[in-house]
């Protein structure tokens, strides 16, 4: 019988640090949303517990991953989580070293003669757009992650962001992915979701590099996933052949996606500590869908469902912090096991579930 990870995988600080290095920095990860960086001078912070990174858009509209620390004496440069720099420059509040938004050092008062400005910039890697997200590559080449076919063919230009929320969960980031990778818990945790997409009509897609997926069928009388199950005039964003299905996908390492007939859900998971994760959730709809087309029914449904997931994952984290031993994969949890195998394969010496 195959067992899941031991409890230390969800609580140990040294294991958590290895995951940040080998699953995030070495692989590249979803760091920000393109919608938050639409104008020159815009910047957003990338949540990372052991670094200070931001993504910024320069005067030429190029995107850059920068380390938000002055190269002179190590002063943190920017305050807050996001903003717009009208000067298109970053100035150190300590000794006035100045950088442009590509990270290049422009001015270094008092610097010794011969200081090579090119070696003292803020660049911390590369940024590449993928879907509606921006992937950061601090140590890896900026190669785009593979995508499931239903996302690869999505017409992104036809979408607009209808909502963005951020919240924190007192649970290890892997528990959130493992929870997302199975629908076995729907009847007990999500009775509202089970009433629309019964878990026994779902199946997993686990033999793919860089993503794992799942497909669920809508009940006959259901048009979409919302409090009413009705489209309410919202424009479909998928072909007619996919409008009776919900397609979920995890994009390595930290992006969760759910493609509904009429909207796209995106969740970025930002690990903050072994037992805490920040979630950024976004809803995208067709540009022709007005705000009064029942979007409140979609938002209310997922507010409730996300709260249910948060509660059960936090209870699981409490269990992991005990002296618990054991664990078993249910036969329906093949997606969860596939994710755990992906994690183990990238951590040297890790037992593969």
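Residue numbers (the working numbering): 6 to 358. Think of the CB as a built atom: it goes at the ideal place given N, C-alpha and C, for glycine as much as any other residue.
Of 210, 293, 225, the smallest CA-CA separation from residue 252 is found for 210. For residue 92, there is no enclosing alpha helix (DSSP H), as DSSP gives it neither H nor E. When C-alpha distances from residue 183 are compared across 13, 18, 345, 16, the shortest belongs to 345. With contacts defined as CB atoms closer than 8 Å, residue 321 and residue 280 fail to qualify as a contacting pair. Residue environment analysis places residue 231 among the buried positions, since at least 16 neighbouring C-beta atoms fall within 10 angstroms of its C-beta. At the C-beta level, residue 303 and residue 285 stay beyond 8 Å of one another. Contact annotation, residue 73 with residue 58: C-beta distance approximately 7 Å; criterion of less than 8 Å satisfied.
Counting the other Cβ atoms within 10 Å of the Cβ of residue 62 gives 16 or more, which makes it buried. Closest in C-alpha terms to residue 225, from the list 207, 249, 44, 215, comes 249.
The Cβ neighbour count for residue 36, taken over all protein chains shown within 10 Å, is at least 16; the residue is labelled buried.
Around the beta carbon of residue 163, a 10 Å sphere encloses fewer than 16 other beta carbons of the protein chains shown; the residue is thus reported as exposed. Taking a contact as a CB-CB distance under 8 Å, the pair residue 204 and residue 192 counts as one, their CB atoms being some 7 Å apart. Taking the C-beta atoms as reference points, residue 120 is found no nearer than 8 Å to residue 94. The beta carbon of residue 134 sits closer than 8 Å to the beta carbons of 39, 68, 140 from its chain, once the five residues preceding and following it are set aside; these are given in chain order. As a beta-bridge residue in DSSP terms, residue 142 pairs with 131.
Within the model, the alpha-carbon separation for residue 216 versus residue 115 is close to 50 Å.
Distance from the CA of residue 339 to the CA of residue 219, rounded to the nearest whole angstrom, comes to 10 Å. Within 10 angstroms of the beta-carbon of residue 272 lie 16 or more other beta-carbons, which makes it buried. Just so you know, the alpha carbons of residue 128 and residue 108 end up roughly 5 Å apart. For residue 320, the enclosing alpha helix (DSSP H) has its first and last residue at 300-325. Under DSSP, residue 218 shares a beta bridge with 210, 254. Per DSSP, the unbroken alpha helix (DSSP H) holding residue 178 starts and ends at 178-185. Boundaries of the alpha helix (DSSP H) harbouring residue 349: 339-350, taken from the DSSP string. Note on residue 336: under 16 other CB atoms within 10 angstroms of its CB, so exposed under the neighbour-count rule. In the structure shown, residue 122 adopts helical secondary structure according to DSSP, grouped into three states. A straight-line Cα-Cα distance of about 24 Å links residue 31 and residue 75. Under the three-state reduction of DSSP, residue 45 is assigned to coil, being neither helix nor strand. Going by C-alpha positions, residue 159 is about 40 Å away from residue 324.
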